[in-house]
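Structure first, commentary second.
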Amino acid sequence: LTRADFQGADLSGASLVNAQVEGALLTGAVLDRADCSGVRFDLLEVRNCSMQGAVLTGATFRGADFSGSDLSGAKLLQVNLEAAILDGVNLEGADLSGASLRGARLDGTRFVNAKLTGAMMEGVSLAGNDMSGADFEDAEGMHVQLPGAKLVGARFIKSRLREANFLRADLSGAVFDGADVSHTSFRFANLEGAHLINSDAQAADFREAMLLNTELNAVQMAASQLAGIDFRSPKLGRLSLVRANLTGAT
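Numbering of the sequence shown is given in my numbering, commencing with residue 73 and proceeding in unit increments.
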C-alpha cells in the first residue's frame, strides 16, 4: 500500500494489520471499524478521516497530521502519538491506554469519556479542551497544561501530574485519590464535589478555587497556597498543612 492514493476511499471494516502505508494519501478516507493494528502512519497526512471504532493498537503516528478526523470509539492502546497533529480530532470514548502524547498538538481535541490510563503526557497542552468523564488513572507527565479545560467527573486516580496547570478548569466531581499533583495550580478552578483522598498536593495553589463539598482527606498540603480559602465548604479529614499559606482562610 506504499504511496497508494486512498483519498476519500471507503475502507470500512478492512484488515490492514501491519500494512506498509509509507507515502500513502489518506485525506478524507473512511476507515470505520478497520483493523489498522501495528500500522505506521508516521509523518502522513490523514486529515478529515473517519476512523470510528477502528482498531489502532500498537500503531505509530509520530508527526502525522490527523486534523479534523473522527476517531470516536477507536482503540489506540499503546500508540505513539508523539509530535502528532490532532487539532479538532474527536476522540470521544476512545481507548488511549498507555499511549504517548508527548509533544502532540491537541487544539480543540475532544476527549469526552476517553480512556487515558497510563498515558504519557509530558508537557502536553490541553487548554480549554472538553475531557469530561475521561479516565487518567496512572497517567504521568510534568507541566501538563489544562487551563480552562472541562474535566467534569474526570478520574485522575494514582496519576502523577506534578506541576500541572488547572487554572480556571472545571473539575467538578473529579477524583484525584492517590494522585501526585504537587506544585500544581488549581487557582480559580471549580473543584465542587471533587475527591482528593490520600493525595499529594504539596506546594499546590488553591487560591480562589471553588471547594464546595470537596472531600479532602489524608492530603499532603505542606507549603500549599490556601489564602482566603473557606474551610467550612469542603468535607475535611486529616490534612498536613505545615508551612501552608493560610492568610485570610476561615
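We treat Cβ as the ideally placed atom computed from N, Cα and C, and that holds for glycine.
Would you identify the three-state DSSP class for Met214, choosing helix, strand or coil?
Note: Met214 maps to coil in three-state DSSP.
For Ile157, which beta-bridge partners are listed by DSSP?
Under DSSP, Ile157 takes part in a beta bridge, and its partners are Asp137 and Arg177.
Measuring alpha carbon to alpha carbon, tell me which of Gly80, Ala191 and Phe303 ends up nearest Gly175.
Looking at the Cα atoms, Ala191 is the closest of the given residues.
Could you pull the start and end residues of the beta strand (DSSP E) that Leu188 belongs to?
Per DSSP, Leu188 belongs to no beta strand (DSSP E) and is neither H nor E.
When you compare only the Cα positions, how much space is there between Gly125 and Thr74?
Rounded to whole angstroms, the gap between the alpha carbons of Gly125 and Thr74 is 24 angstroms.
Burial state of Gly55, where buried means 16 or more other Cβ atoms lie within 10 Å
Residue coverage of the chain in this structure runs from 73 to 322, which leaves residue 55 outside it and unanswerable.
Please work out which residues of its chain come closer than 6 angstroms, Cβ to Cβ, to Ser271, disregarding the five sequence neighbours upstream and downstream, and give them in chain order.
Phe248, Ala251 and Val291, listed in sequence order.
C-beta contact flag for Arg227 and Thr256 at 9 angstroms
Cβ atoms of Arg227 and Thr256: not closer than 9 angstroms.
Glu287: first and last residue of the uninterrupted beta strand (DSSP E) it sits in:
Unbroken beta strand (DSSP E) run through Glu287: Glu287 to Asn289.
Cα-Cα separation between Arg232 and Asn162, rounded to whole angstroms
Put simply, the backbone Cα of Arg232 is about 25 angstroms away from that of Asn162.
For Asn285, which residues from the same chain have a beta carbon less than 8 angstroms from its beta carbon, with the 5 sequence-adjacent residues on both sides left out?
Taken in chain order, the residues that qualify are Glu264, Gly265, Ser305, Pro306 and Lys307.
For Gln150, which three-state DSSP category applies?
Correct three-state label for Gln150: coil.
Using alpha carbons as the reference points, say which of Arg177, Phe258 and Asp142 lies closest to Ala236.
That would be Phe258, whose Cα lies nearest to the Cα of Ala236.
Can you name the start and end residues of the beta strand (DSSP E) that Leu268 belongs to?
Under the DSSP assignment, Leu268 falls in the beta strand (DSSP E) whose first and last residues are His267 to Ile269.
I need the straight-line Cα distance from Gly180 to Ala295, nearest angstrom please.
Gly180 and Ala295: Cα-Cα distance of roughly 34 angstroms.
Same chain, Cβ closer than 8 angstroms to Thr319, neighbours up to 5 away in sequence not counted:
Within the same chain, and ignoring the five residues on either side of Thr319 in sequence, the residues whose Cβ sits closer than 8 angstroms to its Cβ are Ala299 and Gly300.
Tell me whether Lys222 sits in a helix, a strand or coil according to DSSP, three-state version.
Note: Lys222 maps to strand in three-state DSSP.
Roughly how many angstroms lie between the CA atoms of Leu116 and Ser139, to the nearest whole one?
Across the structure, Leu116 and Ser139 are spaced so that their CA atoms are roughly 11 angstroms apart.
Which residues share a DSSP beta bridge with Glu117?
Glu117 pairs with Asp137.
Among Arg119, Asp277 and Lys147, the one whose alpha carbon lies nearest that of Val127
Between Val127 and the set Arg119, Asp277 and Lys147, the nearest pair of CA atoms involves Lys147.
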